[in-house]
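Visitor:
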Amino acid sequence: MALLTRIRGPRDLDRLGPEQLEQLAGEIRSFLVEEVSKTGGHLGPNLGVVELTIALHRVYDSPKDKVLFDTGHQSYVHKLLTGRQDFSRLKGKGGLSGYPSRAESDHDIIENSHASTVLGWADGLAKANEVLDKDDHVVAVIGDGALTGGMAWEALNNIAAAKDRPLVIVVNDNERSYAPTIGGLANHLATLRTTDGYERFLARGKEILDRTPVVGRPLYDTLHGAKKGLKDFIAPQGMFEDLGLKYVGPIDGHDIGALESALQRAKRFGGPVIVHCITEKGRGYKPAEQDEADHFHGIGPIHPDTGLPIAAAGMDWTSVFGEEMVKLGHEREDIVAITAAMLQPVGLEKFAKAFPDRVYDVGIAEQHGAVSAAGLATGGVHPVFAVYATFLNRAFDQVLMDVALHRCGVTFVLDRAGITGTDGASHNGMWDMSILQCVPGLRIAAPRDADQVRAQLREAVKVEDAPTVVRFSKGAVGPAVAAVGRVGGMDVLRRTEEGTADVLLVSVGALAPMCLDIADLLDKQGITTTVVDPRWVKPVDEALAPLAEQHRVVVTVEDNSRVGGVGSAVAQALRDAGVDVPLRDFGIPPRFLDHASRKEVMAEIGLTAPDIARQVTGLVAKLDGRLVDSPTEAARD
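In my numbering, the protein residues as written are 716 to 1352.
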C-alpha cells in the first residue's frame, strides 16, 4: 500500500502519473478486499468504481466542488481518497459509516442511502450556485439501477430545463442495482454499451474525408451538423439529448485517462451534461466477478481468498418468507410477487425460479410498485409486494390513496423491520407501524417467530378487500415461542396460575423472547405478569381492553418508533373503551440512530429486558406508594 498510505486528501492525487494511478487503483482494490472481508459491507459496488472515483477527485476540487453519490454504498473509495483509511470498524459502533456521512468529513455532502434522490439534490445545489453566483461545480454519480426510479426522471426533467446551468451527471452503468437492471431504460443503456459510438464513427469519417480534396471538409461539416440523426442511427443516446442534456460516452469506466478526458470536457461545458461510464461490479476480485447473484453487492465477513462466508448462516426471517411464498404459489395460481430491484434480498428468488411469469421487478420504484399492485389486485390476482420496511416509506401516498382507498387486496411484506443497526439511520425500519396506523382498513401483522411468519402470511393473502402488512426483522430467526392460550385473536405467551396479574405486557413481533425475559425479572421482584402477543397489531384486538382492565398496569414493547406506534394505538383503544389503567410504552425514541450492531443500538436506547423491567418495577412500586419521590426525601428518611 505504498501509494495509498500517502493519500491524505484528493489533491495528493495530482502528483501521480498514469502508471502510479494504475498502481493506486490496484492497491485500493486489495485494501477493500482485505478490510471489507473482515467486517462485511458493500464490496462489489466499490470494486467497480475505483478508477471512476480517482478520476472524479483529480478533475474536481472536493469539497469546494460538490461530488454526490447515489445511493452511497459505492463511497468507500471516496472515503479512502479523502483521508479515511481506518476500516477496522466499518459499519460498527464508533467506526466509519457504510454510506457518506457529514459527521465524518466535509467531503460528504449528502447522506442519502435511499436510491434515486441524488439528481434532486444536484438540481437544488446547482440552482443555489446560480442564485449566489458561485463557481462551484456539482457532480452527481448515479447508477443505472437508481435511474429506474421515478424521482430521478422528475429531477432530469427539471435539470434539462436550464440549458446554461452547469451540472454533471455521471451514470455509473454496471447493468445492476442489486441484481441486473431491468426495464426499458436498461435496454436503452444496453444498446449504448454494445454499439460503436458516434464519436468513434465520426472520427473515422473525418480521417477519410480529410484525405478527399475539395469536397471532403465541407461534407464532414455537413455530417457533423447532422449529428443528431447520426447519433440516433449509430448509438441511440438521443433519449438524453432529447431532454436537452449533452451526452458524453459511453466511456470505459476503468480507463482513468479516458474518464479524466470525458470529465474535463463535461466540466468545461456550460450546461447539464451526462457522462456515461461502463463499469464492472466486483472488478478485480474473482469471487465477486463470478458471483452471478449480485457480484458481492453486500457481504458479511468472508474468507478473502475464497469469498466464502466465515460462519454458516442459520435460518433467517427472509428465507422463511421466501419458502412459504413458493408453497403458496403452488397452491394458488392468483398469487403474484413484486420486488423493487431486490429479488434476492427480499427472499423472492426461489419464487421467481418456480413461477417466472408471476414475478414483477419494477426497478427502484416503490411508488410505481404499490400502484401497479393495486392494478393487479383490481385485475383479479393477489399481489405480494416484498420490500424493506424503510423503503415502504417512499410509497406511503400510494398505499393510502391507491391501495387502501380502493380496498385492494394487496399484501405488503416488510423485511428488515425495526432496528437493523449497521446500515445506519436510513435503514432502520422503525417508522412503518407508525405511518401505517392512520391508513383506514389496513391490517398489520407482526410475527414473533418463523411459525408465525408462515401462518400470518397465509392469513394476510386471504384478505381481498383491504391491504395487509406482514413485517419481520433482519437476520436469524430464533426458536419458536409457544402460546399457552388465546384471548380473542391474541396469543397468550405467559400467565399466572391465579389467572390475574399485576402487569399486562403486550409483546410486538420478534421482541417476544425479550418480553418473556422481562416477565421473569419482574417475577423476581414479586410482580406478576401476563404476556400477550397481539399477532395483528392493527387494528387493536377488541379483547385487549377487557383484558387490560383485569391488570394494574399495561406495558407495550415494540421495535418501532414510540411516536404513533403500537403503544399509542393501544392507549387510544383503552381510552375509547373507558379503561383507565396506567400504560407505559417502550420502543424506539424519535431520533435518527447511529450505525452499530442491533444489540448495541437497543442497549443505547434502553430497549433491553433489564432496562424495561427496572422501569416497570418502579411504576408498580409507585402505585403501591413505595417509591421514594426525590433524593431529598431519601436523605431525610
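Here a beta-carbon is modelled for each residue, glycine too, at the ideal position from N, C-alpha and C. Remember, it's a predicted structure, so these values are computed and weren't measured experimentally.
Since residue 1100 sits in a beta bridge, which residues does DSSP pair it with?
Guide: BP columns for residue 1100 point to 1053, 1127.
Visitor: Between residue 1353 and residue 1329, how many whole angstroms is the CB-CB distance? I'm expecting something under 8 Å.
Guide: The requested residue 1353 is not part of the displayed model; the chain covers only 716 to 1352.
Visitor: Under the assumption that residue 1246 contacts residue 1222 (Cβ atoms under 8 Å), give the Cβ distance between them as a whole number of angstroms.
Guide: About 6 Å; that satisfies the 8 Å criterion.
Visitor: May I ask you to list the residues that DSSP assigns as paired with residue 1040?
Guide: Beta-bridge pairing links residue 1040 to no other residue.
Visitor: Can you say whether residue 849 is buried or exposed, counting buried as having 16 or more other CB atoms within 10 angstroms of its CB?
Guide: It is exposed - the Cβ of residue 849 has fewer than 16 other Cβ atoms within 10 Å.
Visitor: By Cβ distance below 6 Å, which residues in the same chain neighbour residue 1125 in space, the five residues on each side in sequence not counted?
Guide: Same-chain partners within the cutoff: 1088, 1092, 1098, 1118, 1182.
Visitor: Could you name the residues of the same chain whose beta carbon sits closer than 6 Å to that of residue 812, not counting the 5 residues immediately before and after it, in chain order?
Guide: Once the five neighbours on either side are set aside, the close Cβ partners of residue 812 are 1139, 1310.
Visitor: Less than 8 Å between the CB atoms is what I'm expecting for residue 828 and residue 865, so what's the real figure, rounded?
Guide: Not confirmed; about 18 Å, so no contact.
Visitor: How big is the Cα-Cα spacing for residue 685 and residue 1339?
Guide: With the chain covering 716 to 1352 only, the question about residue 685 has no answer from this structure.
Visitor: What is the C-beta distance between residue 663 and residue 1129, in whole angstroms, given that I count them as a contact (C-beta under 8 Å)?
Guide: Because the chain spans 716 through 1352 in this model, residue 663 falls outside it and cannot be assessed.
Visitor: Identify whether residue 1145 lies in helix, strand or coil by the three-state DSSP scheme.
Guide: In this structure, residue 1145 counts as coil in the three-state DSSP scheme.
Visitor: Tell me the rounded alpha-carbon separation between residue 876 and residue 1297.
Guide: Approximately 58 Å between the Cα atoms of the pair.
Visitor: Classify residue 1100 as buried or exposed, calling it buried when 16 or more other Cβ atoms lie within 10 Å of its own Cβ.
Guide: Buried, because 16 or more other Cβ atoms sit within 10 Å of the Cβ of residue 1100.
Visitor: Please look up how many angstroms separate the CB atoms of residue 752 and residue 1024, rounded, as I've assumed it's under 8 Å.
Guide: With 8 Å as the limit, residue 752 and residue 1024 do not qualify as a contact, their Cβ atoms being about 10 Å apart.
Visitor: Measure the beta-carbon distance from residue 1009 to residue 756 and round it to whole angstroms, keeping in mind my assumption that it falls under 8 Å.
Guide: Not quite, the Cβ-Cβ distance comes to about 13 Å (not below 8 Å), so this is no contact.
Visitor: DSSP three-state label for residue 965, please.
Guide: Here residue 965 sits in strand by DSSP.
Visitor: Could you please give the first and the last residue of the uninterrupted beta strand (DSSP E) stretch that includes residue 1222?
Guide: Looking at the DSSP string, the run of the beta strand (DSSP E) that includes residue 1222 is 1218-1222.
Visitor: Less than 8 Å between the beta carbons of residue 1162 and residue 1196, yes or no?
Guide: No.
Visitor: If you draw a straight line from the C-alpha of residue 1106 to the C-alpha of residue 734, how long is it?
Guide: When rounded, the distance between both Cα atoms is 43 Å.
Visitor: Quick check on the burial criterion: 16 or more other C-beta atoms within 10 angstroms. Buried or exposed for residue 872?
Guide: Residue 872 comes out exposed.
Visitor: Would you mind reading off the limits of the alpha helix (DSSP H) that contains residue 1337?
Guide: Counting along the chain, the alpha helix (DSSP H) containing residue 1337 begins and ends at 1324-1338.
Visitor: Which value, in whole angstroms, describes the spacing of the CA atoms of residue 840 and residue 824?
Guide: Each residue's alpha carbon lies about 10 Å from the other.
Visitor: Grab the span of the beta strand (DSSP E) containing residue 1205 for me, first residue to last.
Guide: Unbroken beta strand (DSSP E) run through residue 1205: 1205-1209.
Visitor: State the Cα-Cα distance for the pair residue 1261 and residue 1286, rounded to the nearest angstrom.
Guide: Answer to the nearest angstrom: the Cα atoms are 13 Å apart.
Visitor: Let's test the definition: count the other Cβ atoms within 10 Å of the Cβ of residue 1040 and tell me whether it reaches 16, buried, or not, exposed.
Guide: Residue 1040 should be labelled buried.
Visitor: Out of 1192, 1318, 1178, state which residue places its alpha-carbon closest to the alpha-carbon of residue 1165.
Guide: Out of 1192, 1318, 1178, 1192 has the C-alpha closest to the C-alpha of residue 1165.
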